[in-house]
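Numbering (the working numbering), first residue to last: 691 to 975.
All C-beta atoms, glycine included, are put in the ideal place defined by N, C-alpha and C.
Note that the structure is a prediction, hence the values are computed from the model and not measured.
Step one of this worksheet: look at the structure below.
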């Protein structure tokens, strides 16, 4: 993985340019910062102060960037006191943000990236898709949610039906990225099952030579990543995963977010915030 230097982390006062609410208390926050927009890479996150009333910051993955306009987008869901305070912030307000933090996903010479994002693990996958749009990568993205998706979906242009999965995220379709959606909620055109079940359907549709060009990139709940780890072993695929963890400092000082990693030298306790959040799946699972 690419190792990010803590010297690149900046503390920025970022103005809110847009704050859109979606069903089930999901929000997309657009913030102004040319530094973060130009420096961030897929898989990195920011640590932001959600209000003047809570000193503890919250880590949120970067979803989209516009380096020309100097803006970046965050997707979050209200799950506690901190994100509820964040949801109250209005356009024009200024938030203190530390970032970009962590090491990023590293694209390799495998030309068929399989992107798997579940819930709030979708943003890093969308970030990778943005990076490789209009390239020679033949990627496939699977996004899963048990609440309505916080973006528009439509019937995929290529018409492929992966056991009921016919709809795609509109923006990824516009980028030339093939995508399908998964959920147990019975949404129209959405695969009924786990994202990993849909991944198996997709992988089984490929030839042996095509599977040899697949590398998996994943982010989502711990249970999802455990299943992804089993999936990649079944198909003998390389895989990078982004781990999610509650963080205090998020810059490697407190060592409060360590994870056990298997290295060539043996077991190593590494910090998710700066040694991760992206790890080789075989080393952490």
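Unbroken alpha helix (DSSP H) run spanning residue i, endpoints
i	result
residue 783	It is not in any alpha helix (DSSP H) - residue 783 carries neither H nor E in the DSSP assignment.
residue 900	898–901
residue 829	Note, residue 829: premise wrong, no alpha helix (DSSP H); not H, not E.
residue 908	It is not in any alpha helix (DSSP H) - residue 908 instead sits in the beta strand (DSSP E) that spans 904–909.
residue 726	724–729
residue 887	885–894
residue 816	812–822
Proximity winner among the options, relative to residue i (alpha-carbon distances)
i	options	result
residue 841	744, 717 and 700	717
residue 787	700, 878 and 933	700
residue 801	901, 973, 933 and 713	901
residue 729	856, 793, 713 and 881	793
residue 880	829, 745 and 855	855
residue 956	872, 974 and 914	974
residue 783	742, 810 and 821	742
residue 866	884, 835 and 819	819
residue 821	795, 811, 836 and 834	795
residue 862	830, 799 and 883	830
residue 882	835, 736, 810 and 737	835
residue 731	770, 758, 751 and 864	751
residue 970	843, 885 and 918	918
Close-in-space but distant-in-sequence residues of the same chain around residue i (CB under 7 Å, 5 per side omitted)
i	result
residue 945	961
residue 889	804, 806, 832 and 921
residue 722	704, 705, 707, 760 and 761
residue 959	948 and 950
residue 724	760
residue 753	763, 764, 765, 813, 816 and 817
residue 711	717
residue 702	723, 725, 726 and 787
Buried versus exposed, by CB contacts within 10 Å (16 or more), residue i
i	result
residue 708	exposed
residue 808	buried
residue 930	buried
residue 845	exposed
residue 979	Residue numbering for the chain in the displayed model covers 691 to 975; residue 979 lies beyond these limits and cannot be assessed.
residue 868	buried
residue 746	exposed
residue 860	exposed
residue 778	exposed
residue 780	exposed
residue 811	buried
residue 825	exposed
Beta-carbon proximity list for residue i, same chain, < 8 Å, skipping 5 on both sides
i	result
residue 756	727 and 762
residue 774	768
residue 953	973
residue 991	Since the first and last residues shown for the chain are 691 and 975, residue 991 lies out of range.
residue 941	696, 699, 737, 788, 791, 963 and 964
Residue interval of the beta strand (DSSP E) (run including residue i)
i	result
residue 844	843–845
residue 711	700–712
residue 774	Not the beta strand (DSSP E): residue 774 falls in the alpha helix (DSSP H), residues 771–777.
residue 763	761–767
residue 985	Past the edges of the chain, shown from 691 to 975, lies residue 985, and the structure says nothing about it.
residue 921	That residue, residue 921, is in no beta strand (DSSP E); its alpha helix (DSSP H) goes 912–925.
Cutoff 6 Å; reference residue i; Cβ partners in own chain excluding five residues on either side
i	result
residue 906	804, 922, 927 and 929
residue 925	893
residue 776	740
residue 937	749, 947 and 963
residue 967	792, 932 and 933
residue 838	713
residue 858	846 and 869
residue 719	709 and 764
heavy atom of the ligand HEM below 7 Å from residue i C-beta
i	result
residue 891	As presented, the structure is devoid of all ligands, the ligand HEM included, so that no description of it is given.
The region 841–855 / the region 888–898 touching (three or more Cβ pairs under 8 Å): yes
Meets three-Cβ-pair contact criterion under 8 Å: the region 907–920 and the region 807–818: Taking 8 Å as the limit for Cβ pairs, the verdict is that the region 807–818 does touch the region 907–920.
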